[in-house]
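K.L.:
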Amino acid sequence: MNIRQDAWSKDNDLFLANTVLKHVREGSTQLKAFEEVGEVLNRTGAACGFRWNAVVRQHYIQAMETAKKERKQRLRAQSKQRADMKSENAALPSGSSDSYMTMTDVIQYLSSMTPEENTASLQEENKRLQLELESVTKELDQLKEVYNSMQEDYESLMQIMERARKLVVFSEESPPSVKFKMERNGNLEKVAE
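The opening residue of the sequence shown carries number 82 in our numbering; numbering runs sequentially from there.
What follows is the structure in structure tokens.
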């Protein structure tokens, strides 16, 4: 039995799993993990994502849940720190211009409006759907090739059948062939039918 030279080894699967779990724990996306693994293993991020979804993820369901919980705890702690900082900043006197905000204040306000956890899960879902779309598109292309091949075979068969039909019709319409009989002296004589 031949083993592909570019086949995934257990070490590759383990590296992929550890990297994905690390990224999930740290609040990063699986897409970034796939890209990181792809660079190290000399594969595309899509190939790493496909391997993760098709094979490796089933072995790390519990670890993924734990990593997601750790990420949620980290995000809660960060948002609590931000809320504490905002309340401290709100208590400070703002001077003569109450209606003006610095660009940093605007960025902090806008980033607090979109939950990072939701954004990360949406990005992961988006990547998963992109990988699924890519897979379905490849499958569709393969099916189109098979269909086109079958269509060509069908047309060839129809042409052969049409030629055979014409030969049969032509042979039925042609006059009967003339038959000859050789006499003893070597002369040919036409035989009546």
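No residue lacks a Cβ here, since even glycine has one placed at the ideal position from N, Cα and C.
Got a sec? Which residues, its chain only, sit under 6 Å from A98 by beta carbon, not counting five neighbours each side?
P.N.:
The answer, listed in chain order, is V137 and Y141.
K.L.:
Of the residues A135, E151 and D234, which one's Cα is nearest the Cα of W89?
P.N.:
Looking at the Cα atoms, A135 is the closest of the given residues.
K.L.:
Would you report the Cα separation of E206 and T110, rounded to the nearest angstrom?
P.N.:
In a straight line, the C-alpha of E206 is about 10 Å away from that of T110.
K.L.:
Can the beta-carbon of G108 be found less than 7 Å from the beta-carbon of R152?
P.N.:
Contact flag set, yes.
K.L.:
With a 10 Å radius around its C-beta and 16 neighbouring C-beta atoms as the bar for buried, classify A201 as buried or exposed.
P.N.:
With 16 or more Cβ atoms within 10 Å of its Cβ, A201 is classed as buried.
K.L.:
Would you give the residue range spanned by the beta strand (DSSP E) that V272 belongs to?
P.N.:
Residues L269 to V272.
K.L.:
Under the rule that 16 or more other beta-carbon atoms within 10 Å means buried, what is T125, buried or exposed?
P.N.:
T125 is exposed by the Cβ-count criterion.
K.L.:
Alpha carbon to alpha carbon, how far is M145 from Q240?
P.N.:
Rounded to the nearest angstrom, the two C-alpha atoms are 59 Å apart.
K.L.:
By the 10 Å Cβ neighbour count, where 16 or more other Cβ atoms means buried, how is V101 classified, buried or exposed?
P.N.:
Buried is the call here.
K.L.:
Using the Cβ count rule (16 or more neighbours within 10 Å means buried), how would you classify G130?
P.N.:
So G130 ends up on the buried side.
K.L.:
Could you have a look at M263 and say whether DSSP puts it in helix, strand or coil?
P.N.:
Here M263 sits in strand by DSSP.
K.L.:
Quick one: measure Cβ to Cβ for H104 and K91, integer angstroms, because I've assumed they're closer than 8 Å.
P.N.:
That pair is no contact at about 21 Å.
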